[in-house]
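What follows is a short report on a single structure.
2 protein chains.
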Amino acid sequence: MSKSYWIWNYGDYEIFHTMSLHLRREEQGYHRPPVWKISAPYVSIQFIKQFYCEKGYLICYMNGCGYIDIDNQRYGEKTRIELSKGEHTIKIFVSKTSGLPAIFVESDVCPSDGTWISNHFAGEFSPVGYNVFFNSVQRNPENFPFEYKNVLPISKEKINNGILYDFGTEYFGFLNITNACKNEEIRVFYGESKEEALDVENTYITDRVCGENTYRLKQRAFRYVYLKTLLDDIEISADYEYLPLEQKGNFRCNDELFNKIYSVASYTFHLNCREAFLDGIKRDRWVWSGDAYQSARINRYLFADKEIEQRTLLGLLGREPIEQHINTIIDYSLLWFISLYEHYMTYGDKEFLKRVYPMAKKLLEFCETKLNKEGFIEGDEKDWTFIDWSDIEKVGAVCAEQMLLIRAYQVMSLMAEVLDNGDKNLLEKKYEFLIRQVNAYYWNEEKGAFIDCYKSGNANVTRHANIFAIMYDIATKEQTQKILKNVLKNDNITKITTPYFEGYELDVLAKLGDFKAVEDKITSYWGGMINLGASTIWEEYDPKKCGIDHYEMYGGKYEKSLCHAWGAGPIYLFGRYYLGVYATSVGYETFIVKPNLGGLKEISGAIPINGGTVVISLDKEKLRVVASKPGGTLVWDNKSYILQPNKAFEIIF
Amino acid sequence: MSKSYWIWNYGDYEIFHTMSLHLRREEQGYHRPPVWKISAPYVSIQFIKQFYCEKGYLICYMNGCGYIDIDNQRYGEKTRIELSKGEHTIKIFVSKTSGLPAIFVESDVCPSDGTWISNHFAGEFSPVGYNVFFNSVQRNPENFPFEYKNVLPISKEKINNGILYDFGTEYFGFLNITNACKNEEIRVFYGESKEEALDVENTYITDRVCGENTYRLKQRAFRYVYLKTLLDDIEISADYEYLPLEQKGNFRCNDELFNKIYSVASYTFHLNCREAFLDGIKRDRWVWSGDAYQSARINRYLFADKEIEQRTLLGLLGREPIEQHINTIIDYSLLWFISLYEHYMTYGDKEFLKRVYPMAKKLLEFCETKLNKEGFIEGDEKDWTFIDWSDIEKVGAVCAEQMLLIRAYQVMSLMAEVLDNGDKNLLEKKYEFLIRQVNAYYWNEEKGAFIDCYKSGNANVTRHANIFAIMYDIATKEQTQKILKNVLKNDNITKITTPYFEGYELDVLAKLGDFKAVEDKITSYWGGMINLGASTIWEEYDPKKCGIDHYEMYGGKYEKSLCHAWGAGPIYLFGRYYLGVYATSVGYETFIVKPNLGGLKEISGAIPINGGTVVISLDKEKLRVVASKPGGTLVWDNKSYILQPNKAFEIIF
């Protein structure tokens, strides 16, 4: 029998799971939906397949209600239908008001797979969505394919009529309680920190159970669990829920702190890789486009999981009409374009690009409704100009947003070129114009830097716009040198306090070859958290703070996420600049390996290159590189060497 | 305590109930979703209320999950929250992935009512939707407020190991079976006709139950019920489900057949007035815009229920983006505009007009994407050019559609004038241009008629476009006279076979004063059905057919609806042309009463006039008119008389 999969209208799977996770946030006893529009899957779908057969049969299963139309004859689901010799047109109609309308067709001649087409009874027909995991009737695509592992606390301590458990590191999963007493109400306090779990008045996430001897609670994030119970022999464990991902990239060096940071960052990142890239595993568990942009960069050097990037891009984009910026944030709309392009460059999935481009164009059109008379993108009262949690002056059009818009136009023009759809020239004109405008309005020769905004007249300088200008090659060489001196290496310019923007800053410093600055910052900033006992990387870290003040954010005593994806930036830095691997054409058809020890004595590791791997080791005496596929060029000591696939290239110094 | 209502995001209630009913169709054992895009309510909503109070409290109940934010402090639902003295901003966030997100706030100072505003976390805030029926926490707005009456069959007959019940007339409701035997599987066959109920292989709607002594089945439409059962003492009844509507209009005359037709039409119509105007109560139970247009015209002379018209208009329009014609039918998009305008003229609800106009404009913009180079609206492969179930030549742009587009432009320009939004002039130019084009391309001087289409070169003439041309005053006086002779009174032009278009034809004949033709047609056509024993009016009637052939349609032996709303047209005709009442300015602020006996000896009745009633009686000797509100002008014998409110005006001949 041919292979069947659950099939759905393309994009609805991602929208369904993004919707579900966005509406799952709970805190302090209530649900907290996101502050932006939530897209839902279409409720009614038609699937079509045309084919010829000698004879055959089919049985259709539905996630939803509907019927099967074969050559204009109607049938119900779950019954075997015989097919005669000839051409057939099968239409299957299915609707579901909550969930993901989908079908599974068991057949020897027309199994449900990627050859079927569908639409929502409007718009063009296009190939359905499916996923090889959902290859049996029982594997309902509404149940996201996580895996589970039972984990036990590593320690237990009686405190104030209760028991504090430490699982040793953070987990996301279902807490199991056994040996409870039916009559006792047990209160459960989850903590990313010990302090949070014990501070029962202020714990962010709590549960309360009664009436049974055993419980399985909702999925929560925690390292510590404090149970208010008088029972001594109560027992707990957790079903850790995670996405099975193969770690394709790795990095080691002689600095054990760096190795520890790499490992903690990897674990932090893995916890946040789920239906999509989450920001943090405890609090929002939402998908934020800027966070996701950085996650995608990290992912490419660790798991290189194409699927999660595509799910994230589709889930963020949502459903037409586009009525607001992604997450309501201007920069997060713009980073979405850049992420799409970098995704395409990494994996070379042109089919995906083709499918997403029309909606990307609509998002760009939406952005262009927000241009002011100078051509700059500007927020109105509904838009959030985020950039970073930092004191950037945000009066009128903000420079950092323009840097992203320039890059967004550039990548859209590059993608238009790939798709050869005629949009390229106009997009090029737009970014060329915008670069001229940005230089005219934001470059301040006196300060030797781009200023935050021009409307206030303050000529305030922060790091952010200047970092983007270098990151996306918008600054000229001369401007870059000035920025380095006047901004990046200038201690009078406010320091970055989020790992999010620290990731961008270090990207730029590494790009400019300032490995010492990169290492100092990793040591002090990430190392700072590790030295405080962090087993996962935090949302924000301010070395000046003390004790539980570290856990405060957004006005909540423990509202800060202590396991935040954007903290995993060093994975990207080590892979991109130390092992030095990056694509130079679509899908790693060609790529550069340009290793750099920086201030280290010894580095080694592997980097995924879209279906292959490059393995690198470098110390003071020897460089060794093996790439598993062709297209690689080793750059070392200002010379280039062609890498032969699966053949070790060694240089002894 | 102040009065609280369930409140929701405006429009979502109508979209939710339209979605639900559209997805409820079942036949021959399977669900059958509509062939167009189904809109769903937004899944996540924010509600806002700002106010001052000395002190107060509130308790919020949610249909969905979420939280309450009072002055930036968060609370869960169902708890009493005390309010201190001062200004307060209350935001309530609620999400629900299936159903209607809504809230109910019990409070002495800020009860949930029409003063709250909401949006879907995007777009503008606007006043919430609510309905005075939903005035307690228990009355969940997802449960449509129908009423119920238990009805019993009027006869019972044992036939072929089963029992046939006749309820005397058609009902929609839940069948109850009592005194059944747990072990016996009972099969249930519903029929609008006796033949259908007994033809168990072909019955359109069936049920099958087993395992209990009593059953309550799903809502179905039926007059006859045939139970396959061996039990003699089994008993059935039905819970008739209906919308409680006050009959505000009525009509009687000396012709008992006409009185019977009026009464059967009224009942037929009432059965189809539910969440929205349905086409027929048995088969689709869908909302079709053309059917609904005619239903609205009928409603205005019978129930004058403003609410059902608004629910229908909103439900049909659905959610952005507009990707297809309403019901995929070109004429049904265009009739939607006309219906909106006639609705406004009848009830004068400017607030509703203001709310709907922006989406109406988007629908018109969508229609304009379908204009050909001559400026005519033309269907592509995704569009259905319906007009009527009749042999109209449909090559390229079809004339009847242009007539509707002209009227659509006209009514949009009239509504733009009411709202003073600057759209008027352009819309006027558009319809003036289109009238010229229609005359140039479709008027055939030789045939003295508008032809179906110009592309084929056949100059085929049918009644439809010509009827619209007169109905909407597009034809000149001279053209009108030619059409009357060459088309309407010409037996060589194919006759109308649906009560739908017959309604329009008779409207035009009555308008032109040909009451004899109207009466002849009502007698032969509607009378024909009555004489065949119809207790409700059918979807289509062809006097040439015999026996059960009358029940066949769309290739199904019993697929024709025998209780179809569009059959109720005579209610409109009697009210509009015999009692002769119609509005001449918005909301019946002024109106005409122009009674006409036609060929009858005696007519009497009442017509609702937006908050008032006109009572009329007329025979060969006397005319008597009483209007309960000012603004009326009686037109009689080419003279006009001002009607004084509540004062009988009598003329003795």
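Chains as they are written, first to last, in the working numbering: chain A, 774 to 1426; chain B, 774 to 1426.
No residue lacks a Cβ here, since even glycine has one placed at the ideal position from N, Cα and C.
Q) Looking at the C-beta of Phe906/A, does it have a partner C-beta in chain B at a distance below 8 Å? A) For Phe906/A, the answer is no, since every Cβ of chain B falls outside 8 Å of its Cβ.
Q: State whether the segment 1158-1178 of chain A contacts the segment 1228-1242 of chain A, with contact taken as three or more CB pairs (one from each stretch) at a distance under 8 Å.
A: A contact between stretches requires three or more CB pairs, one per stretch, nearer than 8 Å, and the segment 1158-1178 of chain A meets this requirement with the segment 1228-1242 of chain A.
Q) Along the segment 948-978 of chain A, what residues have a CB closer than 7 Å to any CB found in chain B? A) Answer set for the segment 948-978 of chain A: empty.
Q) Roughly how many angstroms lie between the CA atoms of Tyr1040/A and Arg798/A, to the nearest whole one? A) The alpha-carbon atoms of Tyr1040/A and Arg798/A are separated by roughly 22 Å.
Q. If you measure from the beta carbon of Tyr840/A to each beta carbon in chain B, is any gap under 8 Å?
A. It does: the Cβ of Tyr840/A has a partner Cβ on chain B nearer than 8 Å.
Q.
Distance check for Lys1255/B and Pro1381/B, CA to CA, integer angstroms please.
A. Going by the C-alpha atoms only, they are around 35 Å apart.
Q: Output the residue ranges of the alpha helix (DSSP H) runs that lie fully inside the segment 775-833 of chain A and measure 4 residues or longer, sorted by chain position.
A: Those alpha helix (DSSP H) runs which fall completely within the segment 775-833 of chain A and span 4+ residues are 785-795.
Q) Among Asp972/B, Ile1009/B, Ser966/B, which has the Cα closest to the Cα of Tyr988/B? A) Of Asp972/B, Ile1009/B, Ser966/B, the residue nearest in Cα terms is Ile1009/B.
(Q) Using a Cβ-Cβ distance cut-off of 8 Å, determine whether Leu1261/B contacts chain A. (A) Taking 8 Å as the CB threshold, Leu1261/B stays off the interface with chain A.
Q | Members of the segment 798-813 of chain B that neighbour chain A once the beta carbon cut-off is set at 9 Å | A | So the close ones are Glu799, Glu800, Gln801, Gly802, Tyr803, His804, Arg805, Pro806, Pro807, Val808, Trp809, Lys810, Ile811, Ser812, Ala813.
(Q) For Lys828/A and Gly859/A, what's the separation of their Cα atoms in angstroms? (A) Taking the straight line joining both Cα atoms gives about 8 Å.
Q | Rounded straight-line distance, which links the Cα of Thr1271/A to that of Glu1080/A | A | Whole-angstrom Cα-Cα distance: 27 Å.
Q: Would you tell me roughly how many angstroms separate the C-alpha atoms of Lys1033/A and Val1387/A, rounded to the nearest one?
A: Each residue's Cα considered, the two are about 22 Å apart.
Q: Check the Cβ-Cβ distances between Met792/B and every residue of chain A, and say whether any is below 8 Å.
A: So, interface residue.
Q. From Thr1085/B to Leu1192/B, what distance separates their C-alpha atoms?
A. So the two alpha carbons sit approximately 22 Å from each other.
Q. From Thr1363/A to His1116/A, what distance separates their C-alpha atoms?
A. Whole-angstrom Cα-Cα distance: 15 Å.
**Q.** Lys1258/B, DSSP secondary structure in three states
**A.** Note: Lys1258/B maps to helix in three-state DSSP.
(Q) If we define contact as Cβ-Cβ less than 8 Å, is Glu1093/B a contact residue for chain A? (A) Closer than 8 Å to some Cβ of chain A, the Cβ of Glu1093/B qualifies, so yes.
**Q.** Outcome for Thr1142/B when other beta-carbon atoms lying within 10 angstroms are tallied against a minimum of 16
**A.** Counting Cβ neighbours within 10 Å, Thr1142/B comes out exposed, since fewer than 16 surround it.
Q.
Going by DSSP, what residue range makes up the beta strand (DSSP E) through Ile1365/B?
A. For Ile1365/B, the enclosing beta strand (DSSP E) stretches over residues 1364-1366.
**Q.** Where Ser966/A sits in the DSSP three-state scheme
**A.** Under the three-state reduction of DSSP, Ser966/A is assigned to coil, being neither helix nor strand.
(Q) Helix, strand or coil for Cys983/A? Go by DSSP, reduced to three states. (A) Note: Cys983/A maps to coil in three-state DSSP.
(Q) Between the alpha carbons of Tyr977/A and Cys1336/B, how many angstroms are there, rounded? (A) Looking at the two C-alpha atoms, the distance is approximately 59 Å.
Q.
Let me confirm a value: Ala1421/A is counted as buried when at least 16 other C-beta atoms fall within 10 Å, else exposed. Which label applies?
A. Result: exposed.
Q) Where do the N-terminal and C-terminal ends of the alpha helix (DSSP H) with Asn845/B fall, by residue? A) Element bounds for Asn845/B: n/a, residue is neither H nor E.
Q) Hey, Asn1259/A and Lys1220/A are a contact pair by Cβ (cut 8 Å); roughly how many whole angstroms apart? A) Going by Cβ atoms, the distance from Asn1259/A to Lys1220/A rounds to 6 Å, so yes, they are a contact pair.
Q | Lys1420/B (DSSP reduced to helix, strand or coil) | A | Look at Lys1420/B here: in three-state DSSP terms it is coil, with no helix or strand label.
Q | Buried or exposed by the 16-neighbour rule on C-beta atoms within 10 Å, applied to Ser857/B | A | Exposed is the label assigned to Ser857/B, since fewer than 16 other Cβ atoms lie within 10 Å of its Cβ.
(Q) Determine whether the beta carbon atoms of Glu965/A and Phe945/A lie at a separation below 8 Å. (A) Not a contact, by the Cβ cut-off of 8 Å.
Q.
Check whether chain A comes within 8 Å of Gln1097/B, counting only Cβ atoms and requiring the distance to be less than that.
A. Taking 8 Å as the CB threshold, Gln1097/B lines the interface with chain A.
(Q) I want to know whether the segment 1270-1289 of chain A touches the segment 1199-1206 of chain A - three or more CB-CB distances under 8 Å. (A) These segments do not touch.
Q. For Arg1056/A, which residues of its own chain have a beta-carbon under 6 Å away from its beta-carbon, when the five flanking residues on both sides are left out?
A. Cβ within range, chain order: Ser1334.
Q | Distance, Ser1358/A Cα to Ser1068/A Cα | A | Ser1068/A and Ser1358/A have their C-alpha atoms spaced approximately 21 Å apart.
Q. Tell me which same chain residues have a C-beta within less than 8 Å of the C-beta of Val808/A, skipping the five on either side of it?
A. Listed in chain order, the non-local C-beta contacts of Val808/A below 8 Å within the same chain comprise Thr1101, local neighbours out to five positions each way being set aside.
Q. If contact means a Cβ-Cβ distance below 8 Å, which residues of the segment 884-898 of chain A contact chain B?
A. Contact annotation: in the segment 884-898 of chain A, residues whose CB is within less than 8 Å of a CB in chain B are His893, Phe894, Ala895, Gly896.
Q. DSSP puts Tyr1388/B in a beta bridge; with which residues?
A. According to the sequence displayed, residue 1388/B carries Val and not Tyr. Ala1379/B, Val1399/B, per the DSSP bridge assignment.
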